Each structure stands twice: as C-alpha cells, then as structure tokens.
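*Asks:* So the number in our numbering is just where the residue sits in the sequence shown, counting from 1, plus 108.
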Amino acid sequence: MKEKIVVLGAGIGGLSAGYFLAKTGKYEVTVLEKASVTGGLCASFKHDGFTLDYGAHKIYSVIPGVLDEIQNLMGDKLLTLPKKNSLFLRGHLVDYPLKLGNLAKVLGMGTFMQIGLGYALELARGILGNPTPKSYQEYMIQRFGRPAYELVFEPLADKVWGGPDTLHPEMARARVPASGGIEVILKLLGIKKETAETNAEFFYYPRAGFGDLPQAMVEYIEANGGQVIVNTDVRELARDGAKITAVRGAVDDKPADFETDYLVSSIPLPVLGRLLFGSDAAVLPSIDELAFRHLVLVYIFAEKDLLLEDQWIFFPEREYIFSRIFEQKQMNPELGPAGRTAIACDFTCNEDSWQWQASDEELAQKTIEGLVKGGFLKEEDVSGYYVTRTRNFYPRYDLTYVEKMKQVSNQLQEAENLLLTGRIGMYNYNNSDHCVDMGRFIAENLSAGRAPVDVWNELEQRVADYKIVD
Ligand SMILES: Cc1cc2nc3c(=O)[nH]c(=O)nc-3n(C[C@H](O)[C@H](O)[C@H](O)COP(=O)(O)OP(=O)(O)OC[C@H]3O[C@@H](n4cnc5c(N)ncnc54)[C@H](O)[C@@H]3O)c2cc1C
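#1: With a threshold of 16 other CB atoms inside 10 Å of the CB of residue 343, please say whether the residue is buried or exposed.
#2: Consult DSSP for residue 136 and reduce its assignment to one of helix, strand or coil.
#3: In the DSSP output, which residue or residues are listed as bridge partners for residue 112?
#4: Rank 182, 230, 217 and 372 by C-alpha distance to the C-alpha of residue 137 and give the top, closest one.
#5: Hey, quick one: how far does the beta strand (DSSP E) through residue 261 stretch, first residue to last?
#6: Would you mind stating whether residue 537 and residue 125 have Cβ atoms separated by less than 9 angstroms?
#7: Return helix, strand or coil for residue 326, following the three-state DSSP convention.
#8: If residue 102 sits next to residue 268, beta carbons under 8 angstroms apart, how far is it from one beta carbon to the other, in whole angstroms?
#9: In its own chain, which residues sit with a C-beta less than 8 angstroms from the C-beta of residue 388, not counting the 5 before and 5 after it?
#10: Buried or exposed: which applies to residue 310, given that a residue is buried once 16 or more other Cβ atoms fall within 10 Å of its Cβ?
#11: Give a yes or no on whether the C-beta atoms belonging to residue 339 and residue 359 are separated by under 9 angstroms.
#12: Should residue 361 be listed as close to ligand 1, given that the test is whether its C-beta is under 8 angstroms from any heavy atom?
#13: Flag this pair as touching only if the region 544-564 and the region 152-162 have three or more C-beta atom pairs under 8 angstroms; answer yes or no.
#14: Assuming contact is defined by CB atoms lying nearer than 9 angstroms, are residue 201 and residue 413 in contact in what I supplied?
#15: Looking only at its own chain, which residues have a Cβ that is under 6 angstroms from the Cβ of residue 439, when we skip the five neighbours before and after it?
#16: For residue 577, does the three-state DSSP call read helix, strand or coil?
#17: Name the two residues that bound the continuous alpha helix (DSSP H) containing residue 188.
#18: Quick check on residue 265: buried or exposed, where buried means 16 or more other Cβ atoms within 10 Å of its Cβ?
#19: Evaluate contact between the region 500-513 and the region 393-401, counting only Cβ atoms and requiring at least three cross-stretch pairs below 8 angstroms.
#20: Return helix, strand or coil for residue 428, following the three-state DSSP convention.
#21: According to DSSP, what are the bridge partners of residue 503?
#22: Could you give the uninterrupted runs of the alpha helix (DSSP H) lying entirely in the region 143-200, keeping only those of 4 residues or more?
#23: Taking 8 angstroms as the cut-off, does the CB of residue 177 come closer than this to any heavy atom belonging to ligand 1?
#24: I need the boundaries of the beta strand (DSSP E) containing residue 343, first residue and last residue.
#25: Tell me which same chain residues have a C-beta within less than 6 angstroms of the C-beta of residue 128, skipping the five on either side of it?
#26: Mind checking whether residue 403 and residue 318 have CB atoms under 9 angstroms apart?
#27: Would you tell me roughly how many angstroms separate the C-alpha atoms of residue 174 and residue 502, rounded to the nearest one?
#28: Considering only residues of the same chain and omitting the five flanking positions on each side of residue 261, which have a CB-CB separation below 7 angstroms?
#29: Residue range of the alpha helix (DSSP H) that residue 540 falls in?
#30: Rounded to whole angstroms, how far is the Cβ of residue 263 from the Cβ of residue 424, which I believe are closer than 8 angstroms?
#31: Taking only the alpha-carbon atoms, compute the straight-line gap between residue 517 and residue 346 and give it to the nearest angstrom.
#32: Quick one: does the C-beta of residue 191 sit closer than 8 angstroms to a heavy atom of ligand 1?
#33: Applying the criterion that 16 or more other CB atoms from any shown protein chain within 10 Å of the CB defines a buried residue, is residue 225 buried or exposed?
#34: Beta carbon of residue 377, beta carbon of residue 259: below 9 angstroms?
#35: Check this for me: beta carbons of residue 112 and residue 367, under 9 angstroms apart or not?
#36: Kindly list the residues whose CB is nearer than 7 angstroms to the CB of residue 416, restricted to its own chain and excluding five residues on each side of it in sequence; keep chain order.
Laid out in structure tokens, this is it:
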C-alpha cells in the first residue's frame, strides 16, 4: 500500500514536491492550498482581457537536470526567448548585467573615472587579502568598489530589502556570481563574456503564461492518483509523540481531516510553527524574528501595442517607487489584446511603509508619474490600473538570520516526519527552478528510504549554494 504524504501550500514549492513524489509511484499525494487558486506567486491570472503574471518570471536554471525536468513536463507548451533586460540610470537604459563602457556613456567621464578608481582600489585591497565581508554592503564594496556600490547596488538593495548595511552577505552571494575580482572587472569592461552560470542569454516561458508551469504540475498530480485541494483552512497538526499523524481543518468551510505518514510544508514558517506548537512561548520568538518584506505589484494598462523594448527593466534610483517594470506581452503578444499593453511594476516594503499603507489610487498615480518621467508612457495612453499586495514574500536576511534559522530548524525537527520546501517554507531567497530542485531532492531521497531529518539537513546545505541567475 502507498504511504500518504500531505503537502501544505500549492505554490511552485509545494507543487514541485507533490509532482516529484507522485512521479515515484510510491505515495498517495494530497496538496492542500489555502487560496481558491493554485500556483502561488508563480500563477497567472486574467484581468481586463490580459493573462498576467505576478511580475517578471522566466524559466532558467543552472542546476543540472532542472530544465530537462521542466521541458519533459511542459513539452511544446514552452517558448524559448532571447533575454532582453536593462537598468535605467540617469534617464538612460544601460545593459544589465552592467558594463563599464555603457556606464561611461551614461554617467560622464568624471563619475566614470571615480567608479574605475573605486574598482582599482578594491582590487588592490583584494590582492593584499580582503577580510571576510560581514554584510551585504561590505561584500558589494569589495566586489565593485564604493562609488559603483553607492550609485547602483546600495539604492537598489535599499529599495528591495531595506538597510543594506544590516543585510547578511548571503543576500549578495545569492545574487552576484562568485567569480574573483579580476573576472568581475573583465566582465564589466566587456573583455570577458558573462557565462550561462551568471547571466541567462535565453530563457523558457510557458506560452499560456507562467502559471501554466504550476498548472501542469497540478494536472500531473491529479492524473496520477493524487489530489490538489484549494480553499483549505489548516487548523491543527495532530501528533502521536514525535510523529505528525493528521492535518485537521476545513475545506470550503466543511470539516476535513487528512491522515498522513509525512508532511511537507511550503507555508510560512511562523504559520507552521503555530500549527505545531500552538503559542508555546519557548519556541516562537525565533520563528517570529525571521524578517520578510511585503510585495506590491502595480499593473498599468495602456492603449499601445507595446511600450518597451526590454522584457523587464531595473530601476535602482529612489525617485522611482518601483524597482522593476515588466511588459507581459514581451513574453508572448497573445497574452493581451491587440493595440493594448500592460506593464507590471514591482517593489517591496514593510507593513508600516507608506507604500503598504497607501491607497491603490495613490500607488497607481505615483507609478504612472514614474513611467511618464522615464519616457516609457504618455499619461493620455493610460486606460486603467490594478494593484496586488502579498504579505511576507521576500525573506530578508538580517545579520543574525543564520543563527535564528538554525534554532528554528532544531525546534521544528522535533517532528520526525516533517520536511520543508519552497521559498517561503524554507526561508530561502530563491527562484522557481530552485523550488523544482528541492521537490526533486525530497522525492528522490524520501523514496530511497532516507529519514526525513537527514533529507532536511542535506537540503539545507544544498539550498545554501543556490544562485539567482539574472
Ligand atoms: C516579482 C518577482 C519576480 C520573480 N521572478 C522570477 C523569475 O524570473 N524566475 C523564477 O523562477 N522565479 C522568480 N520569482 C520567484 C518565484 O516567484 C518564487 O521562487 C516562487 O513563487 C516561490 O514559490 P513558493 O511555493 O515557495 O511560494 P508561494 O508562491 O508564496 O506559494 C506558497 C503557497 O502556500 C499557500 N499558503 C500559505 N499559507 C497557507 C496555509 N496556512 N495553508 C495552505 N496553504 C497556504 C499560499 O497561498 C501559496 O499558494 C520571482 C518572484 C517575484 C515576486
């Protein structure tokens, strides 16, 4: 008889686990989702004649086998697109990743020379032996020099995560290729090319919208004897000693219990902590101290066929409220009506930030002002807006997060048949390809008879090496 596995959360993290577990043929898989739809932030949704994603999402991976898995699952539903993205600086678009030659044109010779000297200084320091960086700020200054840091990386990091001097260096490591100082400079000078490990030259995209990837996983799970249940309110995890034996709650407000042999969780750690320990004061402080940023997406609709030449553009400067803009129809023109387009502008903030407190109308107005000022849009072309807000999406690695996370893992591992996965579930700053890798790793190792705690510990080490490839 098949063993039972309940997976909490039907974002790409939970669904990947469900998909690979179902593929082993050894488990009866049930994925429980709180929302009325599946896919989490990798879903697509319909609005005003468009199919929209939650900001720019591409499929790319440098993890062996992950792209093959996705191609096997999706087949001819995938488009292959050349990547076109830029950074907007001082009123100009420059190539991203940065190249010094382009920066020189945009910044003028004086600033350019300063940046060059900053690099040279850090390079010389590096030859003498740099101390291990203690923060994101120190990491980036060592790698790019203070002038470039202050011009681009500091304001962008401040917008996305807040307070770069209080961020753990891991935040930089996950986003910046780990090549040596000279290699970075050669790439900046355009002498050495970026590699597929540091910069995707092409990527895959599901022609029906990014959400077709999680949807394909739902369909596979259901076609192979599993279930994916939405509108679930998980209220309690029943335990027999160290073993979780059932998930108790309601589906569509009707009581529902799910017996299980293993539990895989991709839901936020504080929620999981409360389900496991109630409000046990000894356990919860470290979980509650794990910081997250909220995500805001402002979609602007315009009476133009297309507005950009790039798929997405980064905006480090503080005068723009968004940190990135993305044009959905650049992925596939069929995702919106002819003669109209939609730009998704994303940024992050805290619960008490003015951006989170502001009305949709104010956010839309400030976003439109920014797009007009940047020369991407004329106000008279705007036909509407739509705002989405997601609490606690971006893990924010502060300087003590490693110790806090260790405590949290130790406490949660009291449950001997529990595993974590996904971006939110593992408190790991990652992309969907990493979520696919985590699901595959869990399924392969669990089905090989390994103890969940061993799989968990190895997975923690594995995710520590993940990199986001721009
Ligand atoms: C703007 C932006 C751009 C991005 N670009 C890319 C990109 O280009 N490429 C890429 O690969 N990735 C990209 N990502 C990252 C990608 O979106 C994430 O890695 C991925 O969505 C994480 O999936 P997840 O399942 O961990 O989390 P989520 O998508 O948040 O899923 C968690 C799920 O759990 C559910 N849930 C929460 N609480 C409960 C509960 N109590 N009970 C049951 N269910 C619950 C939620 O409703 C949700 O469906 C981007 C993200 C953003 C925001």
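Every residue, glycine too, gets a C-beta built ideally from N, C-alpha and C. Predicted, not measured: the structure shown is a model, and the values here were computed from it.
*Replies:* Based on what the coordinates show:
#1: For this step, residue 343 is matched to residue 235 along the sequence shown. Residue 343 comes out exposed.
#2: Numbered from 1 along the sequence shown, position 28 holds the residue referred to as residue 136. Per DSSP, reduced to three states, the secondary structure at residue 136 is strand.
#3: Counted from its first residue, the sequence shown places residue 112 at position 4. Within the DSSP secondary-structure output, residue 112 pairs in a beta bridge with 136.
#4: Within the sequence shown, residue 137 is the residue found at index 29, counting from 1. For residue 137, the closest alpha carbon among the candidates 182, 230, 217 and 372 is that of 372.
#5: As a working mapping, residue 261 is identified with position 153 in the sequence shown. Where residue 261 is concerned, there is no enclosing beta strand (DSSP E), given that its DSSP letter is neither H nor E.
#6: Mapped onto the sequence shown, residue 537 falls at position 429. Mapped onto the sequence shown, residue 125 falls at position 17. It is not a contact, given that the beta carbons lie outside the stated cut-off.
#7: The residue given as residue 326 occupies position 218 in the sequence shown. When DSSP states are grouped into helix, strand and coil, residue 326 belongs to the helix group.
#8: Since the first residue shown for the chain is 109 and the last is 578, residue 102 is missing from the structure and cannot be characterised.
#9: Looking up residue 388 in the sequence shown gives position 280. Excluding residues up to 5 positions away in sequence, nothing lies with its Cβ nearer than 8 angstroms to the Cβ of residue 388 in the same chain.
#10: Mapped onto the sequence shown, residue 310 falls at position 202. Classification for residue 310: exposed.
#11: The residue given as residue 339 occupies position 231 in the sequence shown. The residue given as residue 359 occupies position 251 in the sequence shown. Taking 9 angstroms as the Cβ cut-off, residue 339 and residue 359 qualify as a contacting pair.
#12: Stepping through the sequence shown from its first residue, residue 361 is reached at position 253. The answer is no for residue 361.
#13: The region 544-564, when compared against the region 152-162, does not touch it at the 8 angstroms Cβ threshold.
#14: Against the sequence shown, residue 201 aligns to sequence position 93. Against the sequence shown, residue 413 aligns to sequence position 305. No.
#15: As a position in the sequence shown, residue 439 is number 331, starting the count at 1. 313, listed in sequence order.
#16: Taking the first residue of the sequence shown as 1, we reach residue 577 at position 469. Residue 577 falls in the coil class under three-state DSSP.
#17: For this step, residue 188 is matched to residue 80 along the sequence shown. Bounds of any alpha helix (DSSP H) do not take in residue 188; it lies within the beta strand (DSSP E) bounded by 186-190.
#18: Here residue 265 is taken as the residue at index 157 of the sequence shown, counted from 1. Residue 265 is classed as buried because its beta carbon has at least 16 other beta carbons within 10 Å across all chains shown.
#19: Enough Cβ pairs lie closer than 8 angstroms, so yes.
#20: What you label residue 428 is simply residue 320 of the sequence shown in a count that begins at 1. Judged by DSSP in its simplified three-state form, residue 428 adopts coil rather than helix or strand.
#21: Indexing the sequence shown from 1 puts residue 503 at position 395. Looking at the DSSP output, residue 503 sits in a beta bridge with 400.
#22: Whole alpha helix (DSSP H) segments, 4+ residues: 174-182.
#23: Position 69 of the sequence shown, counting from 1, holds the residue named residue 177. Residue side-chain check: residue 177 keeps its Cβ at 8 angstroms or more from all non-hydrogen atoms of ligand 1.
#24: In the sequence shown, residue 343 corresponds to position 235, counting from 1. It spans 340-348 - the beta strand (DSSP E) in which residue 343 sits, taken as one unbroken run.
#25: One-based indexing of the sequence shown puts residue 128 at position 20. 547, 548 and 551.
#26: Here residue 403 corresponds to residue number 295 of the sequence shown, with the count starting at 1. Here residue 318 corresponds to residue number 210 of the sequence shown, with the count starting at 1. No; because the gap between Cβ atoms is not below 9 angstroms, this pair is not in contact.
#27: Along the sequence shown, read from residue 1 onward, the residue named residue 174 stands at position 66. Along the sequence shown, read from residue 1 onward, the residue named residue 502 stands at position 394. Note on geometry: alpha-carbon atoms of residue 174 and residue 502 lie some 23 angstroms from one another.
#28: Numbered from 1 along the sequence shown, position 153 holds the residue referred to as residue 261. Around residue 261: 248 and 252.
#29: Here residue 540 refers to the residue found at position 432 when the sequence shown is read from its first residue. If you look at residue 540, you'll find it in the alpha helix (DSSP H) that goes 540-555.
#30: Residue 263 sits at position 155 when you count from the first residue of the sequence shown. Residue 424 sits at position 316 when you count from the first residue of the sequence shown. Cβ-Cβ separation between residue 263 and residue 424: approximately 5 angstroms, consistent with a contact (criterion under 8 angstroms).
#31: Indexing the sequence shown from 1 puts residue 517 at position 409. Indexing the sequence shown from 1 puts residue 346 at position 238. Residue 517 and residue 346 have their C-alpha atoms spaced approximately 20 angstroms apart.
#32: Numbered from 1 along the sequence shown, position 83 holds the residue referred to as residue 191. Checking every heavy atom of ligand 1 against the Cβ of residue 191, none is found closer than 8 angstroms.
#33: Position 117 of the sequence shown, counted from the start, is the residue given in the question as residue 225. With fewer than 16 Cβ atoms within 10 Å of its Cβ, residue 225 is classed as exposed.
#34: For the purposes of this step, residue 377 is identified with residue 269 of the sequence shown, where counting begins at 1. For the purposes of this step, residue 259 is identified with residue 151 of the sequence shown, where counting begins at 1. Against a cut-off of 9 angstroms, the Cβ pair of residue 259 and residue 377 comes out as no contact.
#35: The residue labelled residue 112 in the question sits at position 4 within the sequence shown. The residue labelled residue 367 in the question sits at position 259 within the sequence shown. Yes.
#36: Locating residue 416 in the sequence shown gives position 308, where the first residue counts as 1. Here residue 416 has 435, 438 and 484 as same chain residues with Cβ atoms under 7 angstroms from its own Cβ, once five neighbours each way along the sequence are excluded.
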